[in-house]
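Residue numbers (my numbering): 431 to 619. Virtual Cβ for every residue (Gly too), placed ideally from N, Cα, C.
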Amino acid sequence: MLKQTLKTTSPLDGYSKKFADVTLAEVVGTAIVSIAFPFDSVAALQDKVTKAYSTSLPACGNSTVSKDGLVRFLGVQSNQIFVLFDFDGGNAVSVLAKHLENSGYYTDQSDSWVTLRLSGPKALAILERICPLDLSPDFFGPGSVTRTAMEHLSTIVLREHLETFFFMSPRSSARSFLHALETSIANTL
């Protein structure tokens with residue numbers, strides 16, 4: 431009997447490109463785990479997050495980072511967060527469950543999204559062409575996160591730093607999302 435081994439591949443094969451002083455790159459090796467809050471024990475989940483990661487659960491529209499800077503919690507909607515951390519394996523939920531135990535409802539979303547990072551001094555100008563939201567630093571500062579549509583594609587936008595944005599978009603439209611960003615870059619620079 432033939433034994434086959436499955437190999438993990440990223441949606442964009444590790445895409446990375448520099449355009450003048452702007453870089454657009456796929457982020458690989460990152461786990462994305464959704465945690466839904468139990469109605470009767472949000473306090474227990476908060477307590478576990480504080481003890482394990484020395485941070486708090488983020489309010490909707492914000493993110494928090496563990497004390498060591500390795501784990502980021504995204505407040506994507508009421509009673510749900512996404513957790514991002516470096517991971518290259520098949521059971522990202524087990525990493526969180528080890529620390530947070532049964533204080534939330536976990537779903538591994540890692541293979542469902544394409545993740546990209548846009549960085550450089552013209553990042554905001556590039557996004558102004560395709561994002562309907564005000565992403566100016568006064569309104570959407572570092573650590574802010576939101577759901578929106580960019581070029582008719584569902585997107586989660588996180589501002590990591592003043593000139594760095596992290597995006598999550600459905601894996602099924604990864605090439606279209608990349609094309610939208612590349613086109614905006616070409617039209618801006």
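- Here DSSP, grouped into helix, strand and coil, assigns Val458 to coil.
- Boundaries for Asp443: no alpha helix (DSSP H) harbours it, and the DSSP string shows neither H nor E there.
- Annotation: the continuous alpha helix (DSSP H) that includes Ser524 extends over Ala522 to Leu530.
- Between Pro551 and Glu612, the CB-CB gap reaches or exceeds 8 Å.
- Taking all protein chains in view, the Cβ of Ala473 is surrounded by fewer than 16 other Cβ atoms within 10 Å, so the residue is classified as exposed.
- Annotation: Val523 to Asp538 spans about 6 Å, alpha carbon to alpha carbon.
- One Cα belongs to Ala553, the other to Gln434, and the distance between them is close to 43 Å.
- A distance below 8 Å separates the beta carbons of Phe607 and Val544.
- Taken through DSSP and simplified to helix, strand or coil, Glu612 comes out as helix.
- Gln510: not part of any alpha helix (DSSP H); member of the beta strand (DSSP E) spanning Gln510 to Asp516, first to last residue.
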